[in-house]
Amino acid sequence: MLTAIDMERFNAALAPSAAALESMNAKISVRDFDFFYGSAKVLHGITLDIPDRQVTALIGPSGCGKSTFIRSINRMNDIIPNARAKGTISIDGRAIYSSDTDVVSLRRRVGMVFQKSNPFPKSIYDNIAYGLRIGGMRNRRELNNVVERSLIRAALWDEVKDRLNESAFALSGGQQQRLCIARALAVDPEVLLMDEPASALDPIATTKIEELIWDLKVNYTIVIVTHNMQQAARVSDRTAFFMLGRLVEYADTKTIFMNPKEKMTEDYVTGRFG
Amino acid sequence: MQRHFDRDIEDLKDLLLRMGAMVEDAITQSIRALLERDTPLAEEVIGNDSRIDQMELEIDRLTLELIAKMQPAAVDLRFVAAIMKITPELERIADLAQDVCERVIELNREPPLKPMVAIPHLAQDAQTMVRQALDAFVRGDATLARQVIKQDDVVDQQTEQSFRELLTYMLEDPRNISRAIRLTFIGKYFERMADGATNICEMVVYLVEGKMIKHTPVTQNP
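Residue numbers (this note's numbering), protein chains in the order written: chain S, 1 to 274; chain W, 1001 to 1222.
Structure below.
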């Protein structure tokens, strides 16, 4: 029989206290973050902490701002004309929108994988070696090592090790996506952003990507945008629900899917929306 | 937005209520069989139990199907979990009514012991708790659920009282012992029905509030 004290622990496990959240080791801290496309404000005062070496899922209906938000974390939105950010996003305590931020090195630390796999029209090997060569790595053996390590980490090595010189386009959709993950891992990032990484894949390839996410979080902080609610429930430790550019609720994934605090979250995760 | 899932939930709720109504009938009839020494009625209750068992299997099947197909979340998930916990409680309560009837048939083979005082009260209170537990579930009424849970202590006291009453009969005359023991069992069966109602109410609170209050003292559950 559970004692009253066990019960407290049980409830605490379901809904972590504010203190537990504060003690959480935040890799990425977002404070009062607004984002504009021209005069249109698409993110409103987002404040949240993304924990180190965990998977954080961003969910919400189309147009809720979750993609804009994830792209803000490596300043991918900078290339859009008239886009403007306000507020702060810090990684390891350093504000990434400050004027002295080197965006290229930021994007090396914060890798990104997109919905549609986008390998370069090159060999499997060169897809991964590309970023390394740009970074100045010339030594063949060193390159070989990193290519192999990256492919192993992306759970692709066994499937491609005998045909590294073939075109990346010869791979299946799921393999191409894992190749893109391997490419992102090659430059040794700390954070991995994934914008619907499995939405164009069949169930088997999807499962492989999800298993991979589980393995990768040992070494990387992962933020994933997904429209697949069950995927968010399966792979993530924490879930943030966005709606109309606002963060409605952010909590442990099990809280969001078992006992969300906000009516809006409940309506969304139960499909009562609209 | 009305979802397909809402219809499934309504269907499940209906089934559970029909099962609940059958269980309530079983309790009512077991009490009547006891008080009126009605052996045929007791036999009828025993005969009807398999229908309640079938109902349990049907609800289990639909619930599992719903989980597999719909992957419910949040309040839907808690609803499905509540159904899965409440159904076996109801089935067990029906079994207890059947047990009462088996003892009644045995008792009716001998002359009545003495006019009973505590057991009729106990039986009525247990029956009321089961009915209110089902009401609380239908209406999603956590306040009522908590009241029912508190009532369980009263039923426990009544069980104790009926035991003391029966003990005096046993001390009076050893020939009373077999009948008094059967009646003690009956008291215990009704007390277990009230426990079942309490368990149902705990799941109602979980369904409504997302809080698991099982195994916590009543004083900690305002």
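C-beta atoms are modelled at their ideal positions from N, C-alpha and C, and glycine is treated no differently.
Just so it is clear, the structure is predicted and the values come from calculations on it, not from any experiment.
- Annotated as distal: isoleucine 1046 of chain W and methionine 1019 of chain W, with beta-carbon spacing of 8 Å or more.
- Spatial neighbours of isoleucine 224 of chain S in its own chain (CB-CB distance under 6 Å, excluding positions within 5 residues in sequence) are listed in chain order as Ala57, Met194.
- Between serine 236 of chain S and the set S:Ala129, S:Lys254, S:Ile181, S:Leu201, the nearest pair of CA atoms involves S:Lys254.
- According to the DSSP assignment, alanine 154 of chain S belongs to no beta strand (DSSP E), since it is labelled neither H nor E.
- Under DSSP, methionine 243 of chain S takes part in a beta bridge, and its partners are S:Arg246.
- With a threshold of 8 Å between beta carbons, methionine 229 of chain S makes contact with chain W.
- Just measuring C-alpha positions, the residue of W:Thr1143, W:Tyr1189, W:Leu1207 sitting nearest alanine 1074 of chain W is W:Leu1207.
- Shown here, leucine 201 of chain S sits in coil according to DSSP, grouped into three states, outside any helix or strand.
- DSSP places lysine 41 of chain S in the strand class (E or B) of the three-state scheme.
- Apart from the 5 residues on each side of it in sequence, glutamate 159 of chain S sits with its Cβ closer than 7 Å to the Cβ of Gln175 in its chain, given in chain order.
- Under the 10 Å beta carbon count, alanine 1123 of chain W is surrounded by 16 or more other beta carbons and is classified as buried.
- Scanning S:Ala95, S:Gln231, S:Ser72 for the CA closest to the CA of alanine 85 of chain S turns up S:Ser72.
- Assignment of glycine 111 of chain S by DSSP, reduced to helix, strand and coil, places it in the strand class.
- Neighbours of glutamine 1071 of chain W in chain S, taken as residues whose beta carbon is under 9 Å from its own, are Met229, Gln230, Ala233 in chain order.
- Nearest to leucine 43 of chain S by C-alpha distance, out of S:Phe69, S:Val218, S:Gln54, is S:Phe69.
- Contiguous alpha helix (DSSP H) elements confined to the region 1161-1218 of chain W occur at 1177-1209, taking only those with 4 or more residues.
- For valine 191 of chain S, the enclosing beta strand (DSSP E) starts and ends at 191-195.
- For valine 1045 of chain W, the enclosing alpha helix (DSSP H) begins and ends at 1039-1070.
- Residues of the same chain with a CB within less than 6 Å of the CB of lysine 161 of chain S, apart from the 5 flanking positions on each side, do not exist.
- One Cα belongs to aspartate 52 of chain S, the other to alanine 251 of chain S, and the distance between them is close to 15 Å.
- Taken in chain order, the complete alpha helix (DSSP H) segments of 4 residues or longer contained in the region 47-126 of chain S are 66-72, 103-109.
- Annotation: aspartate 1011 of chain W has no Cβ neighbours in chain S at a cutoff of 8 Å; minimum Cβ distance is about 17 Å.
- For valine 1130 of chain W, there is no enclosing beta strand (DSSP E); the enclosing alpha helix (DSSP H) covers residues 1118-1139.
- Setting aside the 5 residues that flank it on each side, isoleucine 91 of chain S is surrounded in the same chain by Ile28, each with a C-beta closer than 6 Å to its C-beta; the list follows chain order.
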